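See below:
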């Protein structure tokens, strides 16, 4: 029996999501962790080593009902998931404002744009207007390939979709318009190296 | 009958919190809004006028139980408030990373340090180490006086408390070590003006 999120996406239980791919191209691949887990570990590494301070924002929740039991913690009894108006991750690197969203797909030939929504694209445009650094980290989980795409590039594909074009970015397009992030042990997803080259080009 | 938050603070219903002060020194004072409301309006103004992109982070929640009803939105049935590991507000201004916490007190002679916690003080130190701009906005609700105090100054008073000193910052100390923010109509709390002078001094 299939369950669905409010946005229509199918609910996939953890056990199914963590199914390993039979492909094992590099030693650190497919340890069964989500992109979010890997990024949280990476951000902890950056913090502990004085490289950058980047945190994931809490999930936005609409709280409807809270109980205040005597002598114990307040309990939220009814609440709903809200759509985020910004991206999930932000922070500071060498004084610069860093802002990104991270998404993964099981699709191995293209990256579906339904992973993002208008508010996030708008938010990233604002960040760039204010000289911040905005991008998305996308993962093809079948191959465990991870790319960093600038918000300008993403906006290009988003606009193409809005004008009636395809609803995804082909793997070939991703390869030619993004930078691949080599997976490592510590940090797992060393995206700051790519940010360095973005800074070198734009600032 | 008194209810208490997990941290021991008394739960004050909205109606009581919004009680107006009899003092009316300036025209825009005490409209019965919380500091958070005023800052959200201010941040919306900054966004709409292309001045800065600063958002409040969602409240961190520990979700324990979620129901997925057929054909309707997922409902969170049990969740708890978590202590934030960072500050509430962050964003970008002229390419620079901005990070702050906002707190108000009903006390009219001093600002209690229990409004902050160790994680937040540590977080702000990290931000400063990475050349970000970190501060707190504090409001004395009885007088509707609002101040911006740099994280370095706050750390000084925090350290004094940790070493056995007083558990609050006297109003006189706040006045001499912070900058007062003049309240306006739009934006309500124009803290970016003060940030400008911080940048002029430090960067």
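Chains as they are written, first to last, in our numbering: chain Z, 1 to 203; chain C, 1001 to 1203.
All C-beta atoms in this analysis are idealised placements derived from N, C-alpha and C, irrespective of residue type, glycine included.
These numbers were taken from a predicted model, which means no experiment stands behind them.
Only those residues of the segment 1078 to 1106 of chain C whose C-beta falls short of 9 Å from the nearest C-beta of chain Z are listed: 1078, 1079, 1080, 1081, 1082, 1084, 1085, 1086, 1090, 1091, 1092, 1093, 1094, 1095, 1096, 1097, 1098, 1099.
Look at residue 1051 of chain C here: in three-state DSSP terms it is coil, with no helix or strand label. In the three-state DSSP reduction, residue 190 of chain Z falls in the coil class, being neither helix nor strand. Bridge pairing for residue 1065 of chain C: C/1078 [DSSP].
Residue 170 of chain Z carries a strand assignment under DSSP once its states are collapsed to helix, strand and coil.
Annotated three-state conformation of residue 1163 of chain C is coil, per DSSP.
Interface with chain Z (8 Å Cβ-Cβ cutoff): residue 1129 of chain C is included. Of C/1137, C/1171, C/1059, the smallest CA-CA separation from residue 1038 of chain C is found for C/1137. Per DSSP, reduced to three states, the secondary structure at residue 118 of chain Z is helical. For residue 52 of chain Z, the chain C residues whose C-beta falls within less than 7 Å of its own C-beta are 1130, listed in chain order.
Looking at the DSSP output, residue 1104 of chain C shares a beta bridge with C/1139. Judged by beta-carbon spacing, residue 1052 of chain C lies beyond the 8 Å limit of residue 1146 of chain C, meaning their Cβ atoms are not closer than that value.
At a cut-off of 8 Å between C-beta atoms, residue 1074 of chain C counts as an interface residue with respect to chain Z. Taking 8 Å as the threshold, the shortest C-beta distance from residue 112 of chain Z to chain C does not fall below it. Taking 8 Å as the upper bound on Cβ-Cβ separation, chain Z lies near residues 1123, 1126 of the segment 1112 to 1126 of chain C. Ranked by how close their Cα comes to the Cα of residue 168 of chain Z, the residues Z/153, Z/185, Z/98, Z/180 have Z/153 in first place. The three-state reading of DSSP puts residue 1134 of chain C in strand, counting E and B together.
The way I'd put it, the segment 1118 to 1137 of chain C does touch the segment 1099 to 1109 of chain C; three or more beta-carbon pairs between them come closer than 8 Å. The DSSP-derived three-state label of residue 1111 of chain C is strand. For residue 1193 of chain C, not one C-beta of chain Z is nearer than 8 Å to its own C-beta. Here residue 99 of chain Z is bridged, per DSSP, to Z/90, Z/134.
Counting other Cβ atoms within 10 Å of its Cβ, residue 1170 of chain C stays below 16 and is therefore classed as exposed.
Only buried fits residue 120 of chain Z, as 16 or more other CB atoms lie within 10 angstroms of its CB. Assignment of beta-bridge partners to residue 1145 of chain C by DSSP yields C/1140.
Leaving aside the five residues that flank residue 1106 of chain C on each side, the residues in its chain whose CB is nearer than 7 Å to its CB run, in chain order, 1141, 1142. Under DSSP, the beta-bridge partners assigned to residue 150 of chain Z are Z/135.
Here DSSP, grouped into helix, strand and coil, assigns residue 125 of chain Z to helix. Under the criterion of beta carbons closer than 8 Å, residue 82 of chain Z and residue 61 of chain Z qualify as touching, at roughly 6 Å.
Using beta-carbon distances, residue 1162 of chain C does not count as an interface residue toward chain Z, since no partner is under 8 Å. Chain-ordered listing is empty here: chain C has no CB closer than 8 Å to the CB of residue 187 of chain Z, the nearest sitting near 16 Å. Annotation for residue 71 of chain Z: no beta strand (DSSP E) segment contains it, and DSSP assigns it neither H nor E. Looking at the DSSP output, residue 181 of chain Z sits in a beta bridge with Z/146.
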